[in-house]
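Numbering (UniProt numbering), first residue to last: 1 to 131.
All C-beta atoms, glycine included, are put in the ideal place defined by N, C-alpha and C.
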Amino acid sequence: MKEVLKESDQLIDELIAADIVVIGTPLYNFGMPAALKAWIDQIVRPERTVEFDDSNPIDPYVPMLTDRERHAVVLTARGGVNMAPGEEMAHMNHLEPHLATALAFIGITRIHYIAIEGQGSGWRGIGQVGD
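1. Considering only C-alpha positions, which residue in the set R110, T25, I106 and Y113 is nearest to E51?
2. Answer with buried or exposed for R68, where buried requires no fewer than 16 other C-beta atoms within 10 angstroms of its C-beta.
3. Note down, in chain order, each residue of its chain lying with its Cβ closer than 6 Å to the Cβ of D53, except the 5 sequence neighbours on either side.
4. Using a Cβ-Cβ cut-off of 7 Å (strictly less than) and excluding sequence neighbours within five positions of R45, which residues of its own chain qualify?
5. Find the nearest neighbour of H71 within the set A100, P33 and I20, judged by alpha-carbon distance.
6. For the UniProt domain "Flavodoxin-like fold" (3 to 119), which segments carrying the alpha helix (DSSP H) assignment without a break, of at least 4 residues, lie completely within its bounds, in sequence order?
7. Using alpha carbons as the reference points, say which of S55, E3, A17 and N29 lies closest to N93.
8. Under 8 Å, do H91 and G31 count as touching if we go by C-beta distance?
9. I need the straight-line Cα distance from P57 to A100, nearest angstrom please.
10. Please classify T66: is it buried, with 16 or more other beta-carbons within 10 angstroms of its beta-carbon, or exposed?
11. Could you check the C-alpha separation between A104 and I23 for me, to the nearest Å?
12. For R110, which option in E96, I116 and E117 has the closest C-alpha, if you only look at C-alpha atoms?
13. List the whole-angstrom C-beta distance separating P33 from A77, where the pair is believed to meet the contact cut-off of C-beta under 8 Å.
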């Protein structure tokens, strides 16, 4: 079992040692790319980054990375515009809420977003390749 968890342990050890985590990601089809989701699946782990407290049946999950304040800086690029919280298209942005939930679940609550928008949706290029 230790061999299976080796990569997860390494990623978690890096996270525990970090004061700042920098995540660079595009917004793909309203959410995160599969590789980023796979990283989250490796770092959200019982007894390493989250504990279970059965004395609190409503919210039994206890973040373990609360020994000190950690920051996450999320650099995103997206084809759409006006997708920041409070803007017209914010309801289409599932990347930022997903990351905020996953990171807070393990104890990283200071999250800073920097986004570049309007980078092209790719739709105009479909059908023109090879023409």
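In this structure, then:
1. Numbered from its first residue, the sequence shown carries residue 51 at position 51. Among R110, T25, I106 and Y113, the Cα nearest to that of E51 belongs to I106.
2. In the sequence shown, residue 68 corresponds to position 68, counting from 1. That one is exposed.
3. If you number the sequence shown from 1, residue 53 lands on position 53. Once the five neighbours on either side are set aside, the close Cβ partners of D53 are P60 and V62.
4. Here residue 45 is taken as the residue at index 45 of the sequence shown, counted from 1. Here the set comprises S8 and I12.
5. Translated into positions along the sequence shown, residue 71 becomes position 71. Distances from the alpha-carbon of H71 to those of A100, P33 and I20 put I20 closest.
6. Listed in chain order, the complete alpha helix (DSSP H) runs (minimum 4 residues) inside the UniProt domain "Flavodoxin-like fold" (3 to 119) are 6 to 17, 34 to 43 and 95 to 106.
7. As a working mapping, residue 93 is identified with position 93 in the sequence shown. Nearest C-alpha to N93: N29.
8. Reading the sequence shown from its first residue, position 91 is the one you call residue 91. Reading the sequence shown from its first residue, position 31 is the one you call residue 31. It is not a contact, given that the beta carbons lie outside the stated cut-off.
9. One-based indexing of the sequence shown puts residue 57 at position 57. One-based indexing of the sequence shown puts residue 100 at position 100. Whole-angstrom Cα-Cα distance: 23 Å.
10. Sequence index remark: in the sequence shown, residue 66 carries index 66 (1-based). So T66 counts as exposed.
11. In the sequence shown, counting from the first residue as 1, residue 104 sits at position 104. In the sequence shown, counting from the first residue as 1, residue 23 sits at position 23. If I take the Cα positions, the gap works out to 15 Å.
12. For this step, residue 110 is matched to residue 110 along the sequence shown. Out of E96, I116 and E117, E96 has the C-alpha closest to the C-alpha of R110.
13. For this step, residue 33 is matched to residue 33 along the sequence shown. For this step, residue 77 is matched to residue 77 along the sequence shown. Rounded to the nearest angstrom, the Cβ distance from P33 to A77 is 11 Å, too far for a contact under 8 Å.
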